[in-house]
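Number of protein chains: 2
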Amino acid sequence: MKLVKYLLLVLVSIQVNSQSDAEVLEKIYKASLTYGKSYEWLDYLSNQIGSRLSGSLGAEKAVEWGKAELDSLGLDKVWLQPVMVPKWIRGAKEYAFIETKSGRTTTVNICALGGSVATPALGIKANIVEVHDFEELADLGEDNIKGKIVFYNRPMQPDIINTFEAYGGCVNQRYKGAIEASKYGAVGVIVRSMNLRLDDLPHTGSMTYENLSVSKRIPSAAISTNDAEMLSSMLALDKNIKFYFKQSCKQLADVQSYNVIGEIRGSEFPNEYIIVGGHLDSWDLGDGSHDDGAGIVQSMEVLRLMKELNINPKRSIRVVMFMNEENGLRGATKYAEVAKSKNENHVFALESDAGGFTPRGFSFECSDAVYNKVLAWKPLFEPYLIHHFVKGGSGADVGPLKSDTTVLAGLRPDTQRYFDHHHASNDTFDAINKRELELGAASMTSLIYLFDKYGTSSISNQEQIKN
Amino acid sequence: MKLVKYLLLVLVSIQVNSQSDAEVLEKIYKASLTYGKSYEWLDYLSNQIGSRLSGSLGAEKAVEWGKAELDSLGLDKVWLQPVMVPKWIRGAKEYAFIETKSGRTTTVNICALGGSVATPALGIKANIVEVHDFEELADLGEDNIKGKIVFYNRPMQPDIINTFEAYGGCVNQRYKGAIEASKYGAVGVIVRSMNLRLDDLPHTGSMTYENLSVSKRIPSAAISTNDAEMLSSMLALDKNIKFYFKQSCKQLADVQSYNVIGEIRGSEFPNEYIIVGGHLDSWDLGDGSHDDGAGIVQSMEVLRLMKELNINPKRSIRVVMFMNEENGLRGATKYAEVAKSKNENHVFALESDAGGFTPRGFSFECSDAVYNKVLAWKPLFEPYLIHHFVKGGSGADVGPLKSDTTVLAGLRPDTQRYFDHHHASNDTFDAINKRELELGAASMTSLIYLFDKYGTSSISNQEQIKN
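These protein sequence lines map, in sequence, to chains S and Y. So in UniProt numbering, the last one in the first sequence is 467, and the numbering has no gaps at all. So in UniProt numbering, the last one in the second sequence is 467, and the numbering has no gaps at all.
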């Protein structure tokens, strides 16, 4: 029986190996677009489980679901990797208003930033000072800030084509705004939502107090872009308006959680690992369909498609569902620690954490030699309208694996709509387009297939490609 | 005074000409993304005017609005070009159900196809036969078709990456389904909506009876994809189920309408014309935001940005808002007729009629020599993630201008979501992303700028580009 099984395996391998890479990619895209599972999986994750902030019941359910789904794929190994994660809870819905001199109030849409402390139970009411960066804050100094709320209102720059770059140019207001404002005696922080669109939705996201003493920690919240514009206009008319907000969020003790991992054992180089992943946790306002349910189901689909299409990899392929990307990166840190302690040779790590939109290409963190090798694969992707290969950041969760020998990569989907939904209550399943999601999964599977077949050595693979 | 004006013009021209092409493109994109007007215009066209089927009040209002907006741009000339257009009206909302042997009925979502005749006032109830193409229909023949309704159910192929190609593989069912079915004595036609997604929305679109005698014209309607799937399943269980539908649409006499045209007179070669356009008419179910409100406002934006940025074109640049693309192409035909009769030398015509999604590139109908010239411009577009230059169909409205000397081109946006909205009630303004629309307008302006600057002669412009 064993011999028969072996011969069958050899036959299947020969069959796959006798196909050109172009033929294999065609099968991968066709399978993803005609009988893919990514969309159905995401429907369940988003609509049956929903939001899954680290330490929440949703996150726990997502771990169980992820493991059960991987178990059903017939992989060689599926397991949970324990990791302690922070648990922050939002509590009651936040409430805020602007109050004019005459006592008239206008409610505005805010949400606490992840990791923020609560306001006092009755809320905070104070004057509010608009600034656009930390320099402006420092120039104002304690005289103008003490006892007031600081309002960071630097918008994302609309003329930057890649919206992630525009995000990068603003996010320090959110992440470090409280710690900077508290230096000058501010009593609270309101941050313009990281959103290129004008709408009414506040966008949450992580912030830090670093080592700030507990007594100096001031509550921080995001305000919707429409309300940021209104607040700014009202301040231009009268600097003495007051801002009130109330939030009851809380940081609890760390709790037990898990990365979920599945593996197909490599047939030739089982000790060389290729991983593909996204993060299983999400913020609590939406259902995390784009951030990063999409990356999770696309990564699962990579291994499912390989099994489905009898692609028998030479190297060991793992899907990793990282826990706690949003507010701690504990899962990614743990995964890299364990990999290091076991001396596991990770040759390639691919992340999808930029939304489930139409894939445009990939970014790579690697040597020039490897990058040139990768560029030779570009023509294989052109029929699928994947045109954009760049050197650049790959992703937060594969980041801790960075080394001279590990090639890191990130899927690069279209970014124009991403920040309309990012960390907000409209990051929901209805904003996902099935085909776009499936094209991403197929693109990722294709890249993993090529890295598995040709390895990551920097020798030119031009001739191999021609086969 | 005239001399001063002339000198000023020369100064401005020198200023623009002294900028590199890369600098000009940067200004164009920045202007479109930071103080563009396309989105605001589309908001008005979609939400204040709404649907604008040829001959409707909406179309009439759109003509007035288009002319008034162009008048406000300070162009050299704005005018209406008269054209007679067909007027088809939908009448009361359609109604349809499936009836099983036991008499149980299930309502389904249909809409009359544009150009279809009505059913008798009481509707039609008949057996229904599913086919997938005209060959299958012919094989069944009169014996199996006579007195029945024909149900065309060939879906768009999901594994075709460019969804317009998948559309092209299906649309003959809609356009010629009635004429084919009537050959075998069918009493009506139901066509699966041209939609890659499974949902409840019927998608309309044009159909033809050609020269079929009036008595043989049978009513045709589209059914939603979900209902097409259900109907097919029910037919698999019982071929004797009945289908009922009722529609009261009507073709009226042709009415007067207009193409709306605006022009900036060329400074060096005023008798060489470059045009950019889309179609002002739309189907009646949604508000036509993607098809083709987007193309209209992007085309308007091209001329507005040129004025705004003091780009003083050498050639005459026209925006053309074509009337009646959807069900007659009368506006495009008229425009080309007039251009020919006046011996106007059209050197380049660019159309945007593939939705307001993220632009990916352009298609060109031209000689290889000109195409190679265009390819040399590609690096200028890469910072804006415009990667996809192809030879291929440009668009229906610029089509009649086709000649050996006129270069035709079409904007190629991302196509994945387009047919979710195409000709359906959800082709509405909320499905438009402001940035995606603006990126398209900037890409079009950039291409027009380059064609104006370098002309369409086939001489290599590599050296020009380097300036």
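Think of the CB as a built atom: it goes at the ideal place given N, C-alpha and C, for glycine as much as any other residue. These numbers were taken from a predicted model, which means no experiment stands behind them.
Note down, in chain order, every chain S residue with its Cβ under 8 Å from the Cβ of residue i.
| i | result |
| --- | --- |
| Y:T416 | Before going on, a small fix: residue 416 of chain Y reads as Gln here, not Thr. In chain order: T358, N433, R435, E436 and L439. |
Please classify residue i as buried or exposed, where buried requires at least 16 neighbouring CB atoms within 10 angstroms.
| i | result |
| --- | --- |
| Y:N343 | exposed |
| S:G103 | exposed |
| S:D452 | buried |
| Y:V214 | exposed |
| S:I459 | Unreliable placement is indicated for S:I459, whose pLDDT of 48 sits below 50; the coordinate value is still reported in the next sentence. So S:I459 ends up on the exposed side. |
| S:D143 | exposed |
| Y:E272 | buried |
| S:S18 | exposed |
| S:K216 | exposed |
| S:D71 | exposed |
| S:P379 | exposed |
| S:G395 | buried |
| S:E351 | buried |
| S:D76 | exposed |
| Y:T105 | exposed |
| S:E301 | buried |
| Y:L285 | buried |
Do residue j and residue i have their beta-carbon atoms positioned less than 7 Å apart in this structure?
| i | j | result |
| --- | --- | --- |
| Y:A186 | Y:I218 | yes |
| Y:A121 | Y:I110 | no |
| Y:S38 | Y:E438 | yes |
| Y:Y209 | Y:I179 | yes |
| Y:N172 | Y:F429 | no |
| residue 540 of chain S | S:I275 | The requested residue 540 of chain S does not occur in the structure, where chain S is confined to residues 1 to 467. |
| S:G278 | S:S299 | yes |
| S:W283 | S:H423 | yes |
| S:I28 | S:S446 | yes |
| S:I261 | S:I317 | no |
| residue 550 of chain Y | Y:A349 | Lying before the first or after the last residue shown, residue 550 of chain Y is absent from chain Y, which here runs from 1 to 467. |
Anything in chain S within Cβ reach of residue i, meaning under 9 Å, just list it in chain order.
| i | result |
| --- | --- |
| Y:K30 | P158 and D159 |
| Y:T406 | None at all; the shortest Cβ gap to chain S is about 28 Å. |
If I follow the unbroken beta strand (DSSP E) through residue i, where does it start and stop?
| i | result |
| --- | --- |
| S:Q173 | Run containing S:Q173: none in the beta strand (DSSP E); it sits in the alpha helix (DSSP H), V171 to K183. |
| S:L350 | N345 to E351 |
| Y:V297 | Unbroken run through Y:V297 is the alpha helix (DSSP H), A294 to E308; no beta strand (DSSP E). |
| Y:Y95 | Y95 to E99 |
| Y:M84 | K77 to I89 |
| Y:N109 | Counting along the chain, Y:N109 falls outside any beta strand (DSSP E), and DSSP gives it neither H nor E. |
| residue 527 of chain Y | There is simply no residue 527 of chain Y to check, as chain Y begins at 1 and stops at 467 in what is shown. |
| Y:S316 | R315 to F322 |
| S:L140 | Looking at the DSSP string, S:L140 is not in any beta strand (DSSP E); the run it does join, the alpha helix (DSSP H), is F134 to I145. |
| S:A126 | I124 to V131 |
| S:K27 | Element bounds for S:K27: not the beta strand (DSSP E) but the alpha helix (DSSP H), D21 to Y35. |
Check the Cβ of residue i against every Cβ in chain S and list those closer than 7 Å, keeping chain order.
| i | result |
| --- | --- |
| Y:T34 | P158 and D159 |
| Y:H388 | L385 and H387 |
Can you pull the chain Y neighbours of residue i, defined as C-beta to C-beta under 9 Å?
| i | result |
| --- | --- |
| S:R197 | N433, K434 and R435 |
For residue i, report the span of its alpha helix (DSSP H) as first-last.
| i | result |
| --- | --- |
| Y:K453 | K434 to Y454 |
| S:Y418 | Y418 to H421 |
| Y:P379 | K378 to F381 |
| Y:A228 | T225 to L237 |
| Y:Y335 | R330 to S341 |
| S:L164 | The sequence given here has Phe at residue 164 of chain S, not Leu. Per DSSP, S:F164 belongs to the alpha helix (DSSP H) from T163 to G168. |
* Can you give me, in chain order, the residues of the stretch 372–386 of chain S that have a beta carbon less than 8 Å from any beta carbon in chain A? => In summary, chain A is missing from the structure at hand, where the protein chains are S and Y.
* To do: Indicate whether the contact test is met: 3 or more Cβ pairs, each with one atom in the stretch 357–371 of chain S and one in the stretch 402–420 of chain S, closer than 8 Å.
  => The stretch 357–371 of chain S vs the stretch 402–420 of chain S: in contact.
* At a cut of 8 Å, does the stretch 74–84 of chain Y reach the stretch 204–214 of chain Y through at least three beta carbon pairs? -> No, the stretch 74–84 of chain Y does not touch the stretch 204–214 of chain Y.
* Determine, using beta-carbon pairs with one atom in the stretch 112–120 of chain S and one in the stretch 231–243 of chain S, whether at least three such pairs fall under 8 Å. => Flag = no, the stretch 112–120 of chain S and the stretch 231–243 of chain S do not touch.
* Please determine if the stretch 144–159 of chain S and the stretch 121–131 of chain S are in contact, where contact requires at least 3 C-beta pairs separated by less than 8 Å. => Touching, per the Cβ criterion.
* To do: Pair every Cβ in the stretch 362–373 of chain Y with every Cβ in the stretch 315–333 of chain Y, then say whether three or more of these pairs are closer than 8 Å.
  => As far as the Cβ criterion goes, the stretch 362–373 of chain Y does not touch the stretch 315–333 of chain Y, which means the pair count is below three.
* On the three-pair Cβ rule with 8 Å, is the stretch 439–450 of chain Y touching the stretch 382–397 of chain S? -> The stretch 439–450 of chain Y, when compared against the stretch 382–397 of chain S, does not touch it at the 8 Å Cβ threshold.
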